[in-house]
Each structure stands twice: as C-alpha cells, then as structure tokens.
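Colleague:
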Amino acid sequence: MIGLIKKILKKTLRSQAGATAIEYGLIVGLMAAILVSMLGLFGDSIEKLFTAVSTEINEAADTVTNADQNK
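Position 3 of the sequence shown, counting from 1, maps to 2 under numbering that gives the first Met the number 0, and the rest follow consecutively.
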C-alpha cells in the first residue's frame, strides 16, 4: 500500500500538466490585465477612431445608394 502511494506521488510530481495549466492561466491573466489597462488609457481615442470609420462607411454607403437611385 505504501509502495503504491509512493509510486502515485512520484508520478504526480513528475507530471508537468498542472504546471503548464497554471502557466497558461497566468499568461491569460496578464494579457487580460494589459488589455483592460490599454482600453482604459486609450478608450476615448479608440471610440473616436471607430466613430470616424463608421461615419465614413455610412457616407460611402449613402453615396452608392444615391448613385444607384439616380440611374
């Protein structure tokens, strides 16, 4: 019985699956923290950029629609 426990413990200690999962979890957490920080810092600028792009796309769509109606 003790031999079986030793064998299981040795196998568990050699296993890298848990450590790898923890490392990936830390990487994901760090990336999320960086993303939240960047959005906090540049959120207004990003919103203005998307608003400008949206406006340009809407104006282009209106131009194409008006051109099609004038044919």
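Even glycine gets a Cβ: it sits at the ideal position worked out from N, Cα and C. The structure displayed is predicted, hence computed values, not measured ones.
Can you tell me whether DSSP reads M0 as helix, strand or coil?
Modeller: The answer is coil: DSSP assigns M0 none of H, G, I, E or B.
Colleague: Measuring only the C-alpha atoms, how far is A20 from G28?
Modeller: So the two alpha carbons sit approximately 12 angstroms from each other.
Colleague: Quick check: what's the CA-CA separation for A32 versus L25?
Modeller: Roughly 10 angstroms separates the two Cα atoms.
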